[in-house]
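Numbering (the working numbering), first residue to last: 8 to 150. All C-beta atoms, glycine included, are put in the ideal place defined by N, C-alpha and C. In this text, all values refer to a predicted model and were calculated from it rather than measured experimentally. Notes follow the structure.
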Amino acid sequence: MGNKNKTISFRVSEDKFETLREIAEERDISLSAVFRDYVDTLVSHDGQVKVAPEHEFEDDATETSTESFPPKVEVPKSFVREHERLELEAEHLREQLEEHKRYVTKLRQQLDEMDQDEVIHLEDLDQGEEDDASYRIGSFDDL
């Protein structure tokens with residue numbers, strides 16, 4: 008069916024929570040995004056991630072490289088909002104598809120339960136004799 012997101016709970020002290028919230032505000036992202044970024048980094052590096060204060064890392068980075076790590080890319084909020092909107096729309100379309108599949112299944116079951124005498128095949132109408140009762144396709148209002 009597809010990958011489903013799972014929920015991970017973190018327990019942190021109130022002070023650390025406030026620090027994380029400040030980091031999120033500073034980077035203009037949600038607190039959930041901070042945790043998602045951390046988990047993504049942890050998974051992509053097979054659990055080999057060292058968390059260090061940024062000022063310590065900056066001292067090492069200036070000595071070894073001119074690039075900063077992690078790389079920082081500014082993304083407009085409109086892009087993030089559009090991405091979130093598209094995710095919601097995709098989820099809605101998946102739900103509609105599931106509903107359609109259930110409806111088709113229900114119709115097939117009803118067709119299977121019908122007596123063969125109730126089913127009229129169009130091929131049979133073309134090959135039928137003229138003595139057979141005539142059939143008319145249309146709504147009941149036309150009668």
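Check the Cα spacing between F17 and each of R43, I30, R34: the tightest is with R43.
For A40, the uninterrupted alpha helix (DSSP H) segment begins and ends at 38-51. Per DSSP, the continuous alpha helix (DSSP H) segment holding T112 begins and ends at 84-120. In the DSSP assignment, R28 falls within the unbroken alpha helix (DSSP H) covering 21-34.
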